[in-house]
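Under our numbering, read the sequence shown as residues 1 to 316, first letter to last. Ideal placement from N, C-alpha and C gives every residue a C-beta, glycine not left out.
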Amino acid sequence: MVSIENKDPFPYPFGEQDVYRYSNNAVPLNPPIAIEVTKSYLEDIKLKRELLINHPKRCYHSMPHTLDAQWEVLDLILHQLASFYPENYQLVANNDHWIFTNQLTGENHSFIFGNQATLDVEPLDFVGRHVQEDLILMMQRDGDLFLDAGQLCFPANWSLYFDAGMSFKEIHTTIPGFKYGSLDERILQFLMRIEAGSPWWRKNWSLMAGDRLDTSLETFAEWGKARKNVTKENAGELVHLRVEVQKLFRLPKSNGILFTIHTHMLPLESLIQHTPWLKQFSAILKELPEFIAEYKGISLYRNSVLEYLEVELKKR
Ligand code: HEM
1 MVSIENKDPF PYPFGEQDVY RYSNNAVPLN PPIAIEVTKS YLEDIKLKRE
51 LLINHPKRCY HSMPHTLDAQ WEVLDLILHQ LASFYPENYQ LVANNDHWIF
101 TNQLTGENHS FIFGNQATLD VEPLDFVGRH VQEDLILMMQ RDGDLFLDAG
151 QLCFPANWSL YFDAGMSFKE IHTTIPGFKY GSLDERILQF LMRIEAGSPW
201 WRKNWSLMAG DRLDTSLETF AEWGKARKNV TKENAGELVH LRVEVQKLFR
251 LPKSNGILFT IHTHMLPLES LIQHTPWLKQ FSAILKELPE FIAEYKGISL
301 YRNSVLEYLE VELKKR
């Protein structure tokens, strides 16, 4: 990954090809870590916690039968934080008596593992407040996967409240062409075969007018209108490439799947500094079929962005 302006490495989402189509683009995850701590950690955590306080129904959902799986998620993430970022997080697990220290937020939590009464909020909600990722818990039963719990503060134009309890295919019905060649069924089968200890990851992308992380469906009226203001003059500053790093972990005891989503944003004026990205991204955006551009919400300002990129290309 290339580092832009000395910031965190940006997860540029495209491979070799200059065309983009929906596919099962998941690959094995190495190192097998569900979370990543970046420079915007404290800013993101602050925003997350404010959203959870002010909009609990929009940002958190769980069904009672997910509680054991939620403890598994807490177990997995706290252990990973402590082992991959030991300078920032410590975990002392003395049988069921756990003490978790977050040096970055200056917090110290002590609780009894498996005992809900010793935490202020549910385990998934607790652990989600210490990581930048959104955390979705898919439970597997009857040959299918269901969204039975989740903490979602930074959705790319979807609603946890609306999708709660839905199956994998139901969640994805809004995506045009996703059923073509039974892609939805093939991805579902792939997900149900994921094994504990062998996690996977993928990148998803879209463009955004603005740099807001909490672009929930419920608040579309607040952020969606910026799309109308994009011009070739302001596109570099206003438009951002929004990339979701998504990871999939099998939970061995409950047989659920933890789906983590880390959202990264890069203004186009930074993206174009890296000439191969400028060239490839221009080609991809130009060729992108209208049904994908429309679904991703780019149609309204695609031409303005292309004009901006064209001007930059001529300078190289
Ligand atoms: C199992 C956990 C997953 C969950 C909970 C999930 C959830 C979602 C949601 C909520 C959306 C937005 C749908 C809408 O507009 O209402 C979405 C979009 C999408 N998902 Fe998933 N997804 C999961 C896994 C995957 C996997 C493994 C793949 C492919 C390998 C995938 C491919 C896609 C694609 C291509 C889109 C359209 C994104 C775009 O064009 O911007 N999803 N997903």
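Backbone secondary structure at residue i - three-state DSSP
i	result
ASP120	coil
MET192	helix
TRP98	strand
PRO9	strand
GLU107	strand
LEU29	coil
THR334	Residue 334 is absent from the structure shown; the chain starts at 1 and stops at 316.
LEU145	strand
SER198	coil
SER182	helix
ILE171	helix
ALA164	coil
ILE272	coil
ASP125	helix
THR38	coil
Check: residue i C-beta below 7 Å from any heavy atom of the ligand HEM
i	result
ALA26	yes
ASP214	no
PHE249	no
TYR180	no
ILE194	no
MET138	yes
LEU191	yes
PHE146	no
ASN255	no
TRP201	no
TRP223	no
TYR22	yes
Beta bridge counterpart(s) of residue i as assigned by DSSP
i	result
GLU237	In the DSSP output, where bridge partners are listed per residue, GLU237 has none listed.
GLY150	HIS61 and ILE136
GLU244	ASN204 and THR263
ALA156	THR215
ARG227	Answer is none; ARG227 lacks a bridge partner.
ILE257	MET138 and ARG250
TYR89	ASN102
ALA209	VAL239
ILE298	According to DSSP, ILE298 bridges with nothing at all.
ILE112	HIS97
Beta-carbon contacts of residue i that lie in its chain and below 7 Å, excluding the five residues immediately before and after
i	result
VAL131	ILE35 and ILE77
PRO28	SER198 and TRP200
THR118	PHE111 and ILE112
ALA82	TYR89, GLN90 and LEU91
PRO104	Note on identity: in this sequence residue 104 is Leu, with Pro being the wrong assignment. So the list reads TYR41, LEU42 and ASN88, once near-sequence residues are dropped.
SER159	SER216, LEU217 and GLU218
TYR380	Here the chain comprises residues numbered 1 to 316, so residue 380 is not present and cannot be evaluated.
GLU195	ARG250
ARG388	The structure shown does not extend to residue 388, since the chain spans only 1 to 316, so no value can be given for it.
With 16 other Cβ atoms within 10 Å as the buried cut-off, status of residue i
i	result
LYS7	exposed
VAL37	buried
SER23	exposed
ALA69	buried
PHE100	buried
GLN273	exposed
PRO64	exposed
PHE154	buried
ASP75	buried
GLY177	exposed
GLY15	exposed
THR174	exposed
VAL127	buried
LYS48	buried
LYS247	buried
GLN189	exposed
6 Å CB neighbourhood of residue i in its chain, flanking five on each side removed
i	result
LYS296	SER206
THR231	SER304
THR275	ARG316
LEU271	LEU241 and TRP277
Other residues of its chain near residue i: CB distance less than 8 Å, five sequence neighbours each side excluded
i	result
GLY210	TRP223, ALA226, LEU238 and HIS240
TYR85	VAL37
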